[in-house]
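Notes follow once the structure below has been shown.
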Amino acid sequence: MQDTLAQYLQPHTGFAANTGISALCSTYHYPERMPADSKGRRNLLWVFGLFLLILISVRIYSSQDMDSLPAPFTIEINGSPIAKVDANAEDRTHAKTGKEAAVFELKDSRLQCNGHILGRSLVEDRSFLPKQVWWFKADTDMPVQKVTASQDGESYQLKFANAALMAEDDGVFADLLGDHPSTVVVKLQSQS
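Residues 1212 to 1403 (the working numbering) make up the sequence shown, in order.
Shown next as structure tokens:
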């Protein structure tokens, strides 16, 4: 084996024919440890990993999304309330703003009002355009995305699958990109 290796190495590398494997291996230095600056890189990697862990933890604990609210409420978008849905409405009716405000309850990530739920359909087009917010019958077979609330000081903010509400031509939409900032006010009703 050594003779075959030596014959191969001589014309290609300039080693003499009597050079054995041990001579070849001792010519190249294979350090037992990583280069000297690797300890600094390793520490930097630890710091970066710790930073990411802290960032993720803060994000999880600071968001405190709630799937229920303690009292009934109305929702106003740019001063106009989301209107009640007609009791005889189809299973999937586009939500509108209007004069007669719907009174909602948020329970288990479902925004409920008089036998209907308000939300985004789980099946939507894949564009980043604003998505329609629909009224569904409470016993619908259609999958509906979650609605969550987060407390911002004394007020609450609602998120329809992580999108804020907006109104356009009296229709209610979920603004995926935040391109259409709207003033959304959740008005808690007094419990009497």
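The beta-carbon is built from N, C-alpha and C at its ideal position, and this holds for glycine as well.
The structure presented is a predicted model; accordingly, all values stated were derived computationally and were not measured.
Contact between the segment 1251 to 1264 and the segment 1289 to 1308 is absent, with fewer than three C-beta pairs closer than 8 Å. Residue pairing for residue 1321: DSSP places it in a beta bridge opposite 1318. When 1315, 1340, 1329 are compared, the shortest CA-CA separation from residue 1379 is found for 1340. With fewer than 16 other CB atoms across the displayed protein chains lying within 10 angstroms of its CB, residue 1258 is exposed.
For residue 1363, the enclosing beta strand (DSSP E) stretches over residues 1358 to 1363. Here residue 1253 carries a helix assignment [DSSP, helix/strand/coil]. Apart from sequence neighbours up to five positions away, the residues of its chain that approach residue 1367 with a beta-carbon distance below 6 Å are 1360, 1397, ordered along the chain.
Burial check for residue 1331: the Cβ neighbour count within 10 Å reaches 16 or more, so the residue is buried. Cβ-Cβ separation between residue 1302 and residue 1371: approximately 18 Å, too far for a contact (criterion under 8 Å).
In this structure, the CA atom of residue 1388 is about 8 Å from the CA atom of residue 1374. Annotated three-state conformation of residue 1340 is coil, per DSSP.
By a beta-carbon distance limit of 8 Å, residue 1295 contacts residue 1311. Their separation comes to about 5 Å. Taking every protein chain shown into account, the CB of residue 1385 has 16 or more other CB atoms within 10 angstroms, so this residue is buried. Residue 1383 sits in a strand when the DSSP states are folded into three classes.
Around the beta carbon of residue 1369, a 10 Å sphere encloses 16 or more other beta carbons of the protein chains shown; the residue is thus reported as buried. Per DSSP, residue 1287 is one residue of the beta strand (DSSP E) stretching across 1284 to 1288. In the three-state DSSP reduction, residue 1388 falls in the coil class, being neither helix nor strand.
Counting other Cβ atoms within 10 Å of its Cβ, residue 1282 stays below 16 and is therefore classed as exposed.
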